[in-house]
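Q: Questions regarding the structure given below will be posed in turn.
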Amino acid sequence: MPAENIVEVHHLKKSVGQGEHELSILTGVELVVKRGETIALVGESGSGKSTLLAILAGLDDGSSGEVSLVGQPLHKYGRRSAGKVAREHVGFCFSVIYVNSYP
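Each residue of the sequence shown is one higher than the last, beginning at 1 in UniProt numbering.
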């Protein structure tokens, strides 16, 4: 039987740089997506949406935390296999919407 939770993310953190130059991109992300669910990531520019999607697609690594796709920890797939699993089981749609305000 296929995994009920297609995506699971627990305590995910992503930072770049070190020491006083360290910048936190993601801090303590928790996410569970069940098979058949559709979700949307919404947030301000620079809030980590694309970084989270890159990690879920196997294109980037988190600094700490757990990420599972189809019931298996992402690190067990390896970079090439993780991308294949993400393509076959998880759909990503990147959209940029510009909101114009008129006085």
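Think of the CB as a built atom: it goes at the ideal place given N, C-alpha and C, for glycine as much as any other residue.
Among all the DSSP beta bridges, which residues are the ones paired with residue 18?
A: As a first step, residue 18 is located in the sequence shown; it is residue number 18 there, counting from the start. Looking at the DSSP assignment, residue 18 forms no beta bridge with any residue, so it has no partner.
Q: Can you give the beta carbon distance from residue 59 to residue 49, rounded, assuming they're within the 8 Å contact cut?
A: Along the sequence shown, read from residue 1 onward, the residue named residue 59 stands at position 59. Along the sequence shown, read from residue 1 onward, the residue named residue 49 stands at position 49. Residue 59 to residue 49, Cβ: 14 Å. No contact.
Q: Over what stretch of residues does the alpha helix (DSSP H) that includes residue 27 continue unbroken?
A: For the purposes of this step, residue 27 is taken as residue 27 along the sequence shown, with counting starting at 1. It is not in any alpha helix (DSSP H) - residue 27 instead sits in the beta strand (DSSP E) that spans 23–34.
Q: Report buried or exposed for residue 174, applying the criterion of at least 16 other Cβ atoms within 10 angstroms of its Cβ.
A: Residue 174 lies beyond the stretch modelled for the chain, which goes from 1 to 103, so this question has no answer here.
Q: Closest by CA to residue 117, which one among 19, 8, 25?
A: The first residue shown for the chain is 1 and the last is 103, placing residue 117 beyond what the model contains.
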